[in-house]
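Asks:
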Amino acid sequence: MASAIPALNASVADVTRRIRARSAERRALYEARMADQHRRGVHRGELSCGNLAHGFAACGAEDKDALKLMNAANLGIISAYNDMLSAHQPLETFPDTIKAAARAMGGTAQFAGGVPAMCDGVTQGQPGMELSLFSRDVIAMATAVGLSHNMFDAALYLGVCDKIVPGLFIAAARFGHLPAMFVPAGPMPSGLPNKEKARIRQLFAEGKASRQDLLEAESASYHSPGTCTFYGTANSNQLMMEMMGLHLPGTSFVNPGTEMREALTRFATEQAIRNTDQGGDYRPFYQQIDERAFVNAIVGLLASGGSTNHTLHLVAMAAAAGITLTWDDFTELSAVTPSLMQVYPNGQADINHFQAAGGMSYLFRELLGAGLIHGDIPTVFGTDLTAYTREPFLEEGKLVWREGPTEGLDTEVLRGVAKPFAPTGGLTVLDGNLGRGVIKVSAVAPEHRLVEAPVRIFEDQNDLKAAFEAGDLDRDVIAVVRFQGPKANGMPELHKLTPYLGVLQDRGYRVALVTDGRMSGASGKVPAAIHMSPEALDGGPLAKLRDGDVVRLDADSGRLEVKLDDQAWAERERRVGELASHHVGLGRELFAGFRHLAMHGEQGASVFGGFEADDLARQAGQIHDEDA
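Counting in UniProt numbering, the sequence shown tops out at residue 628, every number present.
#1: Taking Met-241 as the reference, which of Glu-92, Met-360, Leu-616 has the closest Cα?
#2: The alpha helix (DSSP H) with Met-235 in it runs from where to where?
#3: Report, in whole angstroms, the separation of the C-beta atoms of Pro-189 and Asn-352, which I expect to be a contact under 8 Å.
#4: Could you compute how far the alpha carbon of Met-599 sits from the alpha carbon of Ala-620?
#5: Tell me the rounded alpha-carbon separation between Gln-126 and Gly-279.
#6: Closest to Thr-16 by CA distance: which of Val-299, Ala-605, Leu-553 is it?
#7: In terms of residues, what are the limits of the beta strand (DSSP E) holding His-531?
#8: Using the Cβ count rule (16 or more neighbours within 10 Å means buried), how would you classify residue 631?
#9: Nearest to Leu-85 by alpha carbon, out of Val-122, Ile-377, Glu-206?
#10: Which same chain residues, not among the five before or five after Gly-502, have their C-beta less than 7 Å away from its C-beta?
#11: When we look at the beta-carbon of Glu-130 and count the other beta-carbons within 10 Å, is it buried (16 or more) or exposed?
#12: Can you tell me whether Pro-612 is buried or exposed, with buried defined as 16 or more other CB within 10 angstroms of its CB?
#13: Short check: CB of Asn-74 to CB of Thr-97, under 9 Å?
#14: So for Gly-621, helix, strand or coil by DSSP?
#15: Could you work out which residue in Phe-483, Val-607, Ser-210, Arg-482 is closest to Ile-170 when comparing CA atoms only?
#16: In the DSSP assignment, find the alpha helix (DSSP H) that holds Ile-164 and state where it starts and stops.
#17: Please go through the same chain and pick out, in chain order, the residues whose beta-carbon is closer than 6 Å to the beta-carbon of Ile-373, but skip the five residues on each side of it.
#18: Is the region 422 to 441 close to the region 330 to 346, with three or more CB pairs under 8 Å?
#19: Is there at least one Cβ from chain C nearer than 9 Å to Phe-364's Cβ?
#20: May I ask you to verify whether the region 311 to 329 touches the region 281 to 297, counting CB pairs closer than 8 Å and requiring at least 3?
#21: Under 9 Å, do Gly-232 and Ser-135 count as touching if we go by C-beta distance?
#22: When the distance is taken between beta carbons, is Val-315 closer than 9 Å to Ala-180?
#23: Per DSSP, which one or two residues make a beta bridge with Gly-113?
#24: Should Phe-602 be labelled buried (16 or more other beta-carbon atoms within 10 Å of its own) or exposed?
#25: In the structure shown, what three-state DSSP assignment does Arg-39 receive?
#26: Answer yes or no: do Gly-490 and Glu-535 have a C-beta to C-beta separation smaller than 9 Å?
#27: Excluding the 5 residues preceding and the 5 following Phe-591 in the sequence, name in chain order all residues of the same chain whose CB lies nearer than 7 Å to its CB.
#28: State the start and end residues of the unbroken alpha helix (DSSP H) segment that holds Val-295.
#29: Would Val-42 and Phe-152 qualify as a contact pair, given that the criterion is a beta-carbon distance under 9 Å?
#30: Just to confirm my understanding: we take Ala-209, look at its own chain, exclude 5 residues before and 5 after, and list those with CB closer than 7 Å. What are they?
#31: Beta-carbon within less than 8 Å of Glu-369's beta-carbon, same chain only, minus the 5 sequence neighbours each way: which residues are those?
#32: Let's see if you can read the secondary structure: which residues bound the alpha helix (DSSP H) around Tyr-157?
#33: Among Glu-259, Asn-255, Ala-205, Tyr-286, whose alpha-carbon lies nearest the alpha-carbon of Met-244?
#34: Tell me whether the beta-carbon of Gly-159 lies closer than 9 Å to the beta-carbon of Leu-168.
#35: To the nearest angstrom, how far is the alpha carbon of His-583 from that of Lys-487?
#36: Given a cut-off of 9 Å, decide if Thr-386 and Gly-371 are closer than it, judged by their beta-carbon atoms.
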C-alpha cells in the first residue's frame, strides 16, 4: 500500500504549475501524437509474411513461434555497450540475461540496436571532445533507427554515462507510446581516494609530480568495469532516472558483476513485460513522464550537487516530451532545495560511500517527507514514487524490497533536510550584460563566490595552459575562454583547466572562469560561469570582451557583467573567432550540419529544433517550412 504523500512545497508547486502552463499546447500535441501511435499499434501485427520473416529470421525456434502468435510481448533492447568504456563494458552480458528472463515470462526480447558511447574521460582536452555533446543527439537518432522496425511492445534502454542516457531518453520520448525501462550497470568499486587524486593532479599542474606519478594515480582511480565513482554527469544521470521513476527502486548504484546486479536486470525485464499491453498494465513513457517527473529530476540534481551538464540535457530531454524548461526553473527550485549530499567534487566521498550511507532510499525519504518532489507520479515499478524509499535485497535468491534507513548513516556524506550541508541547491543562473550562464557553487567556498578582476581572453584552452606555465596568470584574473559554444566547435568540456585555475586560487589570487563552453559534472572549487548564451560565435557578448576589461562575477546575487558604461559597451565591435582548425580531423567535418543547426545552451544545445513548439508555431502561421 502506498504511503501518504506530504503536501507539496509551495515553491515546487508554483514552478510545476508554470512549466505545465507554458508547455500546455506543446504537450497536448505531443500526447495526441503518442496516443495516435498507440492506436495504430505495433506494426509487427500488420507486416507482410516476408517482412515478418526478416524480423525474426535470426531467432531460435522458441522465439519464432512466440513472435508468430503476436500475443506475447517482444522487448527491444537498445544498448550503449562497448568494451572500451568501463561504465558500459558490463552491458556485454545483459542481452542474454534479458532474453532468458523474457522467455521465462512467455515473451521475447531482441537486440534492436547499439548506440555510440564515447568517454569524456578519454577525450578530455582532445579534439574528440568537440563531438561529445553532439553524440547525445546522434544516440537519439541511432536509437530511433533501432526502434524504427516497430517490432517491439516495449524498450529496455541500457546506458549509463554523460550524453548516453539523455540521448536514450530523447528517443524514448519520441517513441513515447512504448513502455520504457532504463537499465543501468552500476559504479566500479572505490579506488584511490578522491582527495589524493586531486592532490596529484594539482602537483602535476605545478610541475611537482611526474607524468608517471599522474598516470599511476589516475589508473588507481579508474581501475575496473563500472561507472567512475565521482559524482559527475554519469552518476547524476542515474540519480535522475530513479527520481523520474524510470529505474527500479535502488538500482542506480549497485556494483556490476554482483548477484544483486543480475537479479535487478532480470526483474527489470519481467517488469517491462508487465508494463506492456500484453502484460495487462500498459505504462507507456508518454503517460509516465510529464512536468512533475522533470521537477523531481531537477530537485534531485540540486539536492545532490549534480552535474551542470544537465542544465543542457534536461532542457533538451523535456523538449522531446513536449515540455518547455527554462534555466529560471532551476534557479527557483534551487532556492528551496537543501544540499543533502557531499560526494566528490563537492566532498571527498565517492558514490559507493553515498550508497552505503543510505543511498537513494534515504534521499527519497527526505525529499518526499519535505514535500520537495512529486510522490504521485507513475513509475516503471508499477507504483507511485513512495515505494522508492525501499531498497532491494536478496532472500534465498529472490529479489525483495524492504524499507531503507530512516537516518543517514554518515552525515559527512548524506544528511536529512533538518540539518543540510547548505539551505539551497548548488546551482544558479548568472545574468547581466555578458549574457546568461549557469554556475555550480556547491564546491565553491563562500569566500570565492565573488570575483572582480581584469579578464584575460583565450580562444583555445591550450593557450590558457601555456599562459599559466609562463607565469602570465599569477594575478587576480578572470579567464574568458570563448568560441567554445555548440555552433563554434561543439561545446567541449574544459575540465582540464580546473587544476591550473585551482593552483592560482591556492596561491591567494582571486580567479574565475567565464566560457560559452562546458565544465562537466566535475566542476570544482573555482567559480566558473559556463554555457554562456548566446555563444560568442552567434552574436554573444563574450565576443566583445578585450584583455584587461574588468568583469564582476557574483554567484550569490546571480550577476555577471563587464564594468563598462552602456553606450561604450553597445558600440564595441565583436571579434570573429578563428575556428577552421576545429572543423576538420577526427571526423569533425562530418558534424558541420550539427554545428549549423545547434541551438543556444539555454535551449539545450540541441540540433532537433523545438519539436512540438515549432509545429505549433507553423500551424499558427508564425513560421513557414522554409524558415524551419
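Glycine included, every Cβ here is placed at the ideal spot set by N, Cα and C.
Bear in mind the structure is a predicted one, so any value in this text is a computation, not a measurement.
Replies: This is what the structure holds:
#1: Along the sequence shown, one-based indexing puts residue 241 at 241. Closest option to Met-241, Cα to Cα, is Met-360.
#2: Counting from one through the sequence shown, the residue named residue 235 turns up at place 235. The identity of residue 235 in the sequence shown is Asn, whereas the question assumes Met. Segment 233 to 243, the alpha helix (DSSP H) holding Asn-235.
#3: Taking the sequence shown and counting its residues from 1, one reaches residue 189 at position 189. Taking the sequence shown and counting its residues from 1, one reaches residue 352 at position 352. With a Cβ gap of about 7 Å, Pro-189 and Asn-352 count as contacting.
#4: The residue labelled residue 599 in the question sits at position 599 within the sequence shown. The residue labelled residue 620 in the question sits at position 620 within the sequence shown. In a straight line, the C-alpha of Met-599 is about 22 Å away from that of Ala-620.
#5: Taking the first residue of the sequence shown as 1, we reach residue 126 at position 126. Taking the first residue of the sequence shown as 1, we reach residue 279 at position 279. Put simply, the backbone Cα of Gln-126 is about 47 Å away from that of Gly-279.
#6: Here residue 16 corresponds to residue number 16 of the sequence shown, with the count starting at 1. Of Val-299, Ala-605, Leu-553, the residue nearest in Cα terms is Val-299.
#7: Your numbering for residue 531 matches position 531 in the sequence shown. That run of the beta strand (DSSP E) goes 528 to 533.
#8: Since the first residue shown for the chain is 1 and the last is 628, residue 631 is missing from the structure and cannot be characterised.
#9: Position 85 of the sequence shown, counting from 1, holds the residue named residue 85. Selected option, being the one with the closest Cα: Val-122.
#10: Your numbering for residue 502 matches position 502 in the sequence shown. Within the same chain, and ignoring the five residues on either side of Gly-502 in sequence, the residues whose Cβ sits closer than 7 Å to its Cβ are Gln-202, Gly-524, Lys-525, Val-526.
#11: Residue mapping note: residue 130 aligns to position 130 of the sequence shown, counting from 1. Taking all protein chains shown into account, Glu-130 has 16 or more neighbouring C-beta atoms within 10 Å of its C-beta and is therefore buried.
#12: Position 612 of the sequence shown, counted from the start, is the residue given in the question as residue 612. For the record, residue 612 in the displayed sequence is Glu; it is not Pro. By the 10 Å Cβ count, Glu-612 comes out buried.
#13: The sequence position of residue 74 within the sequence shown is 74, counting from 1. The sequence position of residue 97 within the sequence shown is 97, counting from 1. Not a contact, by the Cβ cut-off of 9 Å.
#14: Stepping through the sequence shown from its first residue, residue 621 is reached at position 621. Coil.
#15: As a position in the sequence shown, residue 170 is number 170, starting the count at 1. Selected option, being the one with the closest Cα: Val-607.
#16: For the purposes of this step, residue 164 is taken as the residue at position 164 of the sequence shown. Ile-164: member of the alpha helix (DSSP H) spanning 164 to 174, first to last residue.
#17: The sequence position of residue 373 within the sequence shown is 373, counting from 1. So the list reads Asn-296, Val-299, Leu-367, once near-sequence residues are dropped.
#18: Touching, yes, given that three or more Cβ pairs across the two stretches are closer than 8 Å.
#19: Chain labels in this structure do not include chain C; a single protein chain is all it has.
#20: Touching, yes.
#21: For the purposes of this step, residue 232 is identified with residue 232 of the sequence shown, where counting begins at 1. For the purposes of this step, residue 135 is identified with residue 135 of the sequence shown, where counting begins at 1. Inclusion of Gly-232 and Ser-135 in the CB contact set at 9 Å is not warranted, their separation being larger than that value.
#22: What you label residue 180 is simply residue 180 of the sequence shown in a count that begins at 1. What you label residue 315 is simply residue 315 of the sequence shown in a count that begins at 1. Not closer than 9 Å, so no.
#23: Counting from one through the sequence shown, the residue named residue 113 turns up at place 113. Ile-78, per the DSSP bridge assignment.
#24: Sequence index remark: in the sequence shown, residue 602 carries index 602 (1-based). Inspection of the sequence shows that residue 602 is occupied by Glu rather than by Phe. Buried, by the Cβ-count rule.
#25: If you number the sequence shown from 1, residue 39 lands on position 39. Arg-39 sits in a helix when the DSSP states are folded into three classes.
#26: Position 490 of the sequence shown, counted from the start, is the residue given in the question as residue 490. Position 535 of the sequence shown, counted from the start, is the residue given in the question as residue 535. The answer is no: Cβ separation not under 9 Å.
#27: Stepping through the sequence shown from its first residue, residue 591 is reached at position 591. Leu-131, Phe-134, Gly-490, listed in sequence order.
#28: Against the sequence shown, residue 295 aligns to sequence position 295. Val-295 -> alpha helix (DSSP H) spans 291 to 304.
#29: Within the sequence shown, the letter at position 42 stands for residue 42. Within the sequence shown, the letter at position 152 stands for residue 152. Against a cut-off of 9 Å, the Cβ pair of Phe-152 and Val-42 comes out as a contact.
#30: On the sequence shown, residue 209 is found 209 positions in, with the first residue counted as 1. Beyond the five residues adjoining it in sequence on each side, Ala-209 comes within less than 7 Å, by CB distance, of Ile-200, Leu-203 in the same chain, given in chain order.
#31: Counting from one through the sequence shown, the residue named residue 369 turns up at place 369. Before going on, a small fix: residue 369 reads as Gly here, not Glu. Excluding sequence neighbours, Gly-369 sits near Pro-6, Val-417.
#32: Indexing the sequence shown from 1 puts residue 157 at position 157. For Tyr-157, there is no enclosing alpha helix (DSSP H); the residue is found in the beta strand (DSSP E) stretching over 154 to 158.
#33: Along the sequence shown, one-based indexing puts residue 244 at 244. Just measuring C-alpha positions, the residue of Glu-259, Asn-255, Ala-205, Tyr-286 sitting nearest Met-244 is Tyr-286.
#34: To locate residue 159, count along the sequence shown from 1; it is residue 159. To locate residue 168, count along the sequence shown from 1; it is residue 168. Contact: yes.
#35: The residue you call residue 583 lines up with position 583 of the sequence shown. The residue you call residue 487 lines up with position 487 of the sequence shown. One C-alpha to the other measures close to 11 Å.
#36: Locating residue 371 in the sequence shown gives position 371, counting from the first residue. Locating residue 386 in the sequence shown gives position 386, counting from the first residue. The Cβ-Cβ distance between Gly-371 and Thr-386 does not fall below 9 Å.
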